[in-house]
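J.: Sending over a structure as structure tokens; questions will come in a sec.
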Amino acid sequence: MAAHAGGLTATDAPARGAVVVRDLVRAYGERTVLDHLDLGLAPGEFVAILGRSGSGKSTLLRALAGLDHDVDGSGEVVVPDQVSVVFQDSRLLPWARVLDNVVLGLDGPQADARAAGRAALVEVGLAGRERAWPNELSGGEQQRVSLARSLVRSPRLLLADEPFGALDALTRTRMHALLRDLLTRHGPTVLMVTHDVDEAIVLADRVVVLDAGRIALERRIDLAEPRDGSDPSFARIRSELLDALGVDRKDTTA
Amino acid sequence: MSALVAQRAGVFATTPRAAATVALPDARPSGVRLGLGRPVPFAAAVGVTLLLVLWTAGSAIGFIDPRVLSAPWTVVTTGAELVADGRLGEHLTVSLTRAALGLVTGTAAGVVLALVAGLSRVGDAVLDGPIQVKRAIPSLALLPLLILWFGIGEEMKVITIALGVFVPVYLHTHNGLRAIDSRYVELAETVRLSRWQFVARVVLPGALPGFLLGLRFAVTGSMLALVVVEQVNATAGIGYMMELARTYGQTEIILVGLVVYGVLGYSADLAVRLLQRRTLAWRRTLEG
Ligand SMILES: Nc1ncnc2c1ncn2[C@@H]1O[C@H](COP(=O)(O)OP(=O)(O)O)[C@@H](O)[C@H]1O
Ligand SMILES: [Mg+2]
């Protein structure tokens, strides 16, 4: 883990919540999915990853989460100590009640953990549902529980793989507001995969477009809040990103 | 008054309260319903009661010959006599002890083996093969060998029952373990569960439905083994009582024995199903 020129150094990065990905290669058999990828995230930065299906977004996220034990590859990944992952499916244990899901694996005295879990449920607007079974919740509520489970661990880095992909448009908009609110309070670095260009522009500080395991485009989003899809500069960024994604915009009506 | 009600109904037609006080039309398109309907009250007792009614009626009108099948009241009075002179209690205690010992040791062995084989590749490689071979041989076929090894005492009887019990418990628990979604394993890794926490929070609850199914088969299996070992070389127990009654041609005692076996097996199954319902409350299935 030698120190490296160019802004962030690997050694002090984790403490501050930064992420360094250097020369990352991941391959399934003959198929190279991540091809010498370099990416850095500053502490507290929100980076959204866009890319066509199969471009390696999930593979990158799994590499950062340390979930790719059996995948061949090389390169360097430096992440903070405390990493939380939000999956597309809320991935709640169906046999554990909501609060038990939130505090799953939390260290320390159980009473403290449960108090923190309750507070996290209040934060995501699910006070009073502690004893519900995951089955009894709507998709949006399940995903809020999963957010609470992630945030109660005070992560330095939040990894999210299409966290709102399975939700309807209205619920998704509500979740955006909730997520932004939570992030301002907890301030983790965020890497979020999405297939929704507008979602990326609304939420992220920077958007990275992945193509065939390489970065095809990086775009800083410096729009004022609240970001509005009808704003002309928003629209300009959207077409730029769609171009990078190789979408022929004459075919895609809104 | 009725005008008032109608007026209120008109005003509050959209509130559920108004719907409750006045019979509003409830016309719905008829659709196919594939899930089960509402639960039948006392569902567990309906079929059994029906059988009892048929038996009683058949004996009362003389349709059933008492030499073939004693009347229910004869069975009841014989049962009462057997209880009164302490014989039934004595035999029942012996049988229950055998069944319970066999069930407990067999279940424990099945769970432990399933955990070892289910959680480690080496364990699987070593254990699963022999157990599948054992599974292909009915436990009762092992009886001659078991008698040679352990004699004709209680030890042999309990071991025979345990051998019949551990196979279904092992199979279904192992199956349940292996069927746990790998996504939950991934989750456990991201929240950094220790191996022990992983077993307690993910593996055991995840395998519980399989285990309980195995336990239901095990209970039935233990009854089967009990009946057989009690009719071979026994000197006490419900099965011995029935064997003795056969030599004297006492159908009613044989029936008392059958009823006791039936009640035992049925209540054990009921107990496991109750356990299933209570511990699997999180599941949403056809049972609702
Ligand atoms: N476990 C796996 N085994 C083999 N190939 C895989 C596996 N996981 C993903 N891939 C392949 O790697 C490529 C990138 O997958 P992924 O990172 O999931 O893409 P996405 O950008 O859609 O998330 C795809 O072509 C996919 O087929
Ligand atoms: Mg993906």
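Chains as they are written, first to last, in the numbering used here: chain A, 809 to 1062; chain B, 386 to 673.
No residue lacks a Cβ here, since even glycine has one placed at the ideal position from N, Cα and C.
(1) So, for L562 (chain B): in the same chain, excluding its five sequence neighbours on each side, which residues have a beta-carbon less than 6 Å away from its beta-carbon?
(2) Starting from the C-beta of A630 (chain B), find all residues in its chain whose C-beta is less than 6 Å away, skip the five residues before and the five after it, and write them out in chain order.
(3) Using the beta carbon as the reference atom, which residues fall closer than 7 Å to any heavy atom of ligand 2, ordered along the chain?
(4) Can you pull the chain A neighbours of V576 (chain B), defined as C-beta to C-beta under 7 Å?
(5) For a test of your reading of the model: does the CB of A829 (chain A) fall under 7 Å from any non-hydrogen atom of ligand 1? Yes or no.
(6) Please identify the residue among B:V617, B:G487, B:S567 whose C-alpha is closest to the C-alpha of V550 (chain B).
(7) Please indicate yes or no: does the CB of V841 (chain A) lie closer than 7 Å to some heavy atom of ligand 1?
(8) In chain order, which continuous runs of the alpha helix (DSSP H) of length 4 or greater are located wholly inside the stretch 454–531 of chain B?
(9) Judging by CA-CA distance, which residue of A:Q950, A:A856, A:A850 is the nearest neighbour of V828 (chain A)?
(10) Give the DSSP bridge partners of G881 (chain A), in chain order.
(11) Looking at E853 (chain A) and T997 (chain A), is the spacing between their C-beta atoms short of 8 Å?
(12) With a threshold of 8 Å, are at least 3 pairs of Cβ atoms found where one atom belongs to the stretch 826–840 of chain A and the other to the stretch 867–879 of chain A?
(13) With DSSP collapsed to three states, give me the class of I537 (chain B).
(14) Looking at the C-beta of Y569 (chain B), does it have a partner C-beta in chain A at a distance below 8 Å?
(15) With respect to 7 Å, is the separation between the Cβ of G862 (chain A) and the closest non-hydrogen atom of ligand 1 below this value?
(16) Throw me the rounded Cβ distance for the L1011 (chain A) and L987 (chain A) pair, which I believe falls under 8 Å.
(17) Examine chain B for any beta-carbon lying closer than 8 Å to the beta-carbon of R899 (chain A), and answer yes or no.
(18) Closer than 8 Å by beta-carbon distance: list the chain B residues that pair up with L990 (chain A), in chain order.
(19) Can the beta-carbon of E938 (chain A) be found less than 8 Å from the beta-carbon of L929 (chain A)?
(20) Does the beta carbon of P996 (chain A) sit closer than 8 Å to a beta carbon anywhere in chain B?
(21) Mind checking who F854 (chain A) pairs with in its DSSP beta bridge?
(22) Closer than 7 Å: is that where the CB of G859 (chain A) sits relative to any heavy atom of ligand 1?
(23) Would you please state the rounded distance, in angstroms, between the beta carbons of G491 (chain B) and A603 (chain B)? I believe it to be under 8 Å.
(24) Tell me, please, whether the CB atom of L875 (chain A) is closer than 8 Å to any CB atom in chain B?
(25) Could you say if the stretch 954–972 of chain A and the stretch 868–876 of chain A meet the contact criterion of at least three C-beta pairs nearer than 8 Å?
(26) Could you work out which residues of chain B lie near V893 (chain A), taking near to mean beta carbons separated by less than 7 Å?
(27) Can you pull the DSSP bridge partners for R1028 (chain A)?
(28) Quick one: which unbroken beta strand (DSSP E) runs of 3-plus residues sit fully inside the stretch 959–1006 of chain A? Chain order, please.
(29) Taking only beta-carbon positions, decide if P963 (chain A) is within less than 8 Å of chain B.
(30) Tell me which same chain residues have a C-beta within less than 7 Å of the C-beta of G443 (chain B), skipping the five on either side of it?
(31) Just to check, is the beta-carbon of Y569 (chain B) closer than 7 Å to a non-hydrogen atom of ligand 1?
(32) Could you give the residue range of the alpha helix (DSSP H) that holds V570 (chain B)?
(33) Does the beta carbon of P1040 (chain A) come closer than 8 Å to any beta carbon on chain B?
(34) Identify the residues that DSSP records as bridge partners of L845 (chain A): which are they?
(35) Are the CB atoms of V657 (chain B) and R601 (chain B) within a distance shorter than 8 Å?
(36) Would you say the stretch 616–625 of chain B touches the stretch 470–481 of chain B, given that touching needs at least three Cβ pairs under 8 Å?
T.: With the structure as the only source:
(1) G503, A592
(2) I638, I639
(3) Matched residues: A:K865, A:S866, A:D969, A:E970, A:V1001.
(4) L912, G913
(5) The identity of residue 829 (chain A) in the sequence shown is Val, whereas the question assumes Ala. No, the beta carbon of V829 (chain A) sits no closer than 7 Å to any heavy atom of ligand 1.
(6) With distances taken between Cα atoms, V550 (chain B) lies closest to B:G487.
(7) yes
(8) 457–469, 472–504, 506–521
(9) A:A850
(10) A:R834
(11) Contact: yes.
(12) yes
(13) coil
(14) yes
(15) yes
(16) 7 Å
(17) yes
(18) Ordered by position in chain B, no residue passes the 8 Å Cβ test against L990 (chain A), which lies about 18 Å from the chain.
(19) yes
(20) no
(21) Residue pairing by DSSP puts F854 (chain A) in a beta bridge opposite A:V998.
(22) yes
(23) 7 Å
(24) yes
(25) yes
(26) T575
(27) A:R1014
(28) 965–969, 997–1001
(29) By the rule that beta-carbons nearer than 8 Å mark a contact, P963 (chain A) does not touch chain B.
(30) I449
(31) No; taking the cut-off as 7 Å, the Cβ of Y569 (chain B) has no heavy atom of ligand 1 nearer than that.
(32) 567–575
(33) no
(34) A:L832
(35) Contact flag set, yes.
(36) Segments in contact, yes.
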